[in-house]
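Contents: one structure, followed by commentary.
Protein chains: 2
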Amino acid sequence: MEFPSADDIKAAANRISPWVHYTPVLSSQTFNKRFETQLFFKCENFQKVGAFKSRGAVNAVFSMEQARAEKGVATHSSGNHAQALARAAALRNIPAYIVMPENAPKVKVAAVKGYRGQITFCKPTLEARETTLKKVIAETGATEVHPYDNLQVITGQATAALELIEEKHDLDLILCPVGGGGLLSGTALSTHYFSPKTRVVACEPAGADDAYRSFVSGKRVLSVNPQTIADGLLTSLGYFTFPIMQQFVDDVVTVEEESIIEAMRLIFERMKIVIEPSSAVPFAAILENKVNVKGKKVGVIISGGNVDLEKLPWQS
Amino acid sequence: MEFPSADDIKAAANRISPWVHYTPVLSSQTFNKRFETQLFFKCENFQKVGAFKSRGAVNAVFSMEQARAEKGVATHSSGNHAQALARAAALRNIPAYIVMPENAPKVKVAAVKGYRGQITFCKPTLEARETTLKKVIAETGATEVHPYDNLQVITGQATAALELIEEKHDLDLILCPVGGGGLLSGTALSTHYFSPKTRVVACEPAGADDAYRSFVSGKRVLSVNPQTIADGLLTSLGYFTFPIMQQFVDDVVTVEEESIIEAMRLIFERMKIVIEPSSAVPFAAILENKVNVKGKKVGVIISGGNVDLEKLPWQS
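Residue numbers (the numbering used here), protein chains in the order written: chain A, 1 to 316; chain B, 1001 to 1316.
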């Protein structure tokens, strides 16, 4: 299997730069003092549509040849990828066909429509989503852009870690959340090429630990009925993302739900930034002392900030 | 009355720079598009102790002569100023005597103690606070540092607008919340000296509109039973802050509670930052169309981010 190269990632960074933010890296002296470490938070919550997903979607859409692009792009998603893909397609002025479960939150439906995404609703099962997507693609000739198991998407996601590495040299560690593995495999590739001495540790909710189980067993294990508040991390590793993780990720650790909630709250309180639960998973690993950060320079990828502000997880 | 000079403000910026953050200026393309304007948010929510108050407190504490400083500083406050003053005193290794009402939130008491502040509790009335403070000062010889009606404090607060003006040239407007007027008068002085073509508009909750009434009547009107969710803006203008406002502030506008809540929520949702209700007041003035921002370059001072995360104002 051929993985994206260093040149591919550099090219993606150039390709997407007019359409995405170069996001800031924030620090907290309170956290650094408490954990005797230096943490550098790469804040993709400030990214377009509020998540790193914009990088991969823009890279995939703007990598396509014109004739193929004109037929549009398609995906099934009820989350950040749906918005990111609709937005990327709108920027290139091509159609985006988004299959969404009929119970998708109204706010997410409205967001996709706001970017002129053409929505097809289906029953809220994976099977219905996949069948409906196939039908939409058959009718339109659109190209599927998978949320994570797509090399152009992975290459786009890799640009977040590239920026972090360019800004903060000599990191000892990079901590990254893992769901389907798009962000993680991009992070691991960028680290391998551009900062090879830096270790990459994937952080995962114990209630959705397919990546951990896959990593230790050497076989791709699928998520079965995963349970976690980190709703961006429910998906299983993919055909591409699993072997990239096997080859380039140094360790996988799991964390409990209580730690994710505490980590999220501490980041709101101390750093004054809004993040989604998935983004709190790496910091939860620090709270649980699952990774040794003492005396080290540690990059932490904050994946996004799209959280339901009606009720935050620590509120009773 | 002699006001702080341009040189005073520059000196304060140098004096406090080792101890406070040079805070970032953030933008939102969503807001800029919606209001056909360019908004530049000066983010004092990222400041030490989570609010601009650190600037004035550090400036006051580090301006004192050694002999006087050694006897300590004192104030009555249950809010950000108490923490900011305790922290500033700890940095200079002098005592801070903080008078707090006995019903002050535990988290604020703990924060002051965390900075080695020596707390004296009193009944939760202004009279009890003032009497207790006088007694503490008589016993200790400490110097009172008023939260806003103090020229060193005002000079310190002025450095936030100085940084904004240095970073973003040719602002047409700066919008600033007003409570006791420390931040506002500092902002107005910096704007007068360093960007004299920029207009300064004070933004105030209609339920605590003493600054508005003082501004239009030309007489200092005190707050009587003010009612607003913007709990940092309940105080009345002071002996120093009122005349500075009269001379250097171009306009005062008031906003409704619903707009403050909507503004706060929009800033959480779109900008992904945590702010306190007082910080949302200037953006509420834009939502209410109380200031004309169309086609203009507008600075917006975000005063702080210390908000009760147990319950946000829009939550039922």
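For each residue, glycine too, the CB sits at the ideal point set by N, CA and C.
Residues of its chain near residue i, where Cβ-Cβ distance is below 6 Å and the 5 sequence neighbours each way are ignored
i	result
Ala82 (chain A)	Ile98, Val112
Gly1270 (chain B)	First, the amino acid is wrong: residue 1270 (chain B) is Arg here, not Gly. Counting only Cβ-Cβ distances below 6 Å, and skipping sequence neighbours, we find Ser1028, Thr1030.
Gln1227 (chain B)	Gly1207
Lys71 (chain A)	Gly141, Ala142
Gly1232 (chain B)	Gly1179, Ser1278
Ala284 (chain A)	Val255, Ser259, Ile260, Ala263
Val1145 (chain B)	Ala1060, Val1073, Thr1075, Leu1085
Val172 (chain A)	The residue asked about is misnamed: residue 172 (chain A) is Asp in this sequence, not Val. Excluding positions up to five away in sequence, the list reads Lys296, Lys297.
Val221 (chain A)	Asp210, Arg213, Ser214
Arg1199 (chain B)	Leu1173, Asp1250
Run of the alpha helix (DSSP H) containing residue i, from where it starts to where it stops
i	result
Glu204 (chain A)	That residue, Glu204 (chain A), is in no alpha helix (DSSP H); its beta strand (DSSP E) goes 199-205.
Leu319 (chain A)	Not covered by the structure: residue 319 (chain A). The range shown for chain A is 1 to 316.
Val58 (chain A)	53-63
His81 (chain A)	80-92
Thr1159 (chain B)	1151-1167
Lys193 (chain A)	In the sequence on display, residue 193 (chain A) carries Tyr and not Lys. That run of the alpha helix (DSSP H) goes 182-194.
Gln29 (chain A)	29-35
Ala1006 (chain B)	1006-1016
Phe1041 (chain B)	No alpha helix (DSSP H) contains Phe1041 (chain B), which is instead part of the beta strand (DSSP E) from 1038-1043.
Within chain A, partners of residue i - CB distance below 7 Å
i	result
Gly1305 (chain B)	Lys272
Run of the beta strand (DSSP E) containing residue i, from where it starts to where it stops
i	result
Pro243 (chain A)	Premise fails: Pro243 (chain A) lies in the alpha helix (DSSP H), 241-248, not in any beta strand (DSSP E).
Leu266 (chain A)	Run containing Leu266 (chain A): none in the beta strand (DSSP E); it sits in the alpha helix (DSSP H), 257-266.
Gly299 (chain A)	297-302
Val107 (chain A)	Unbroken run through Val107 (chain A) is the alpha helix (DSSP H), 106-114; no beta strand (DSSP E).
Val136 (chain A)	Premise fails: Val136 (chain A) lies in the alpha helix (DSSP H), 126-140, not in any beta strand (DSSP E).
Close beta carbons around residue i, own chain, < 7 Å, minus the five adjacent residues each side
i	result
Thr159 (chain A)	Ile9, Ala12, Ala13, Ile16, Arg55
Asn306 (chain A)	Gly50, Ala51, Asn80, Glu276
Gln157 (chain A)	Phe52, Arg55, Gly56, Gly182, Leu183, Gly186
Asp1170 (chain B)	Lys1297
Ser195 (chain A)	Ile165, Leu171
Ala128 (chain A)	Cys122
Interface residues of chain A facing residue i [CB-CB closer than 8 Å]
i	result
Lys1311 (chain B)	Gln315
Residue-chain proximity (residue i, chain E), Cβ-Cβ < 8 Å
i	result
Ala1142 (chain B)	In the displayed structure, chain E is absent; the protein chains listed are A and B.
Cβ-Cβ distance between residue i and residue j below 8 Å
i	j	result
Lys290 (chain A)	Val253 (chain A)	yes
Cys203 (chain A)	Pro282 (chain A)	yes
Leu189 (chain A)	Ile301 (chain A)	no
Gly1299 (chain B)	Leu1162 (chain B)	no
Phe35 (chain A)	Ile286 (chain A)	yes
Gln38 (chain A)	Val20 (chain A)	no
Lys1108 (chain B)	Gln315 (chain A)	no
Gly1236 (chain B)	Asp1210 (chain B)	The sequence given here places Ser at residue 1236 (chain B); Gly does not occur at that position. Against a cut-off of 8 Å, the Cβ pair of Asp1210 (chain B) and Ser1236 (chain B) comes out as a contact.
Lys1272 (chain B)	Asn45 (chain A)	yes
Pro1105 (chain B)	Pro24 (chain A)	no
Gln152 (chain A)	Ser63 (chain A)	yes
Pro1177 (chain B)	Ser1303 (chain B)	yes
Arg1092 (chain B)	Ala1067 (chain B)	no
Arg265 (chain A)	Leu1175 (chain B)	no
Ile244 (chain A)	Pro313 (chain A)	no
Phe1242 (chain B)	Ile1154 (chain B)	no
Residue i Cβ short of 7 Å to the ligand HEM heavy atom set
i	result
Pro243 (chain A)	Here there are no bound small molecules, and the ligand HEM is not part of this structure.
Other residues of its chain near residue i: CB distance less than 8 Å, five sequence neighbours each side excluded
i	result
Gly216 (chain A)	Looking at the sequence itself, residue 216 (chain A) is Val, so the reference to Gly does not match. Contacts found: Val252.
Tyr1115 (chain B)	Gln1083, Ala1086, Arg1087, Ala1089, Ala1090, Ala1096
Glu1130 (chain B)	His1076
Asn103 (chain A)	Pro124
Lys1294 (chain B)	Phe1035, Glu1036, Thr1037
Val136 (chain A)	Ala74, Tyr97, Val99, Thr120, Ala142
Contact list for the segment 1257-1277 of chain B against chain A, Cβ threshold 7 Å: Arg1265, Phe1268, Glu1269, Lys1272, Ile1273, Val1274
Name, going along the chain, the residues of the segment 12-25 of chain A whose beta-carbon falls closer than 8 Å to a beta-carbon of chain B. Pro24
Taking beta-carbon pairs under 7 Å, can you tell me which members of the segment 1040-1053 of chain B lie near chain A? Asn1045, Phe1046, Gly1050
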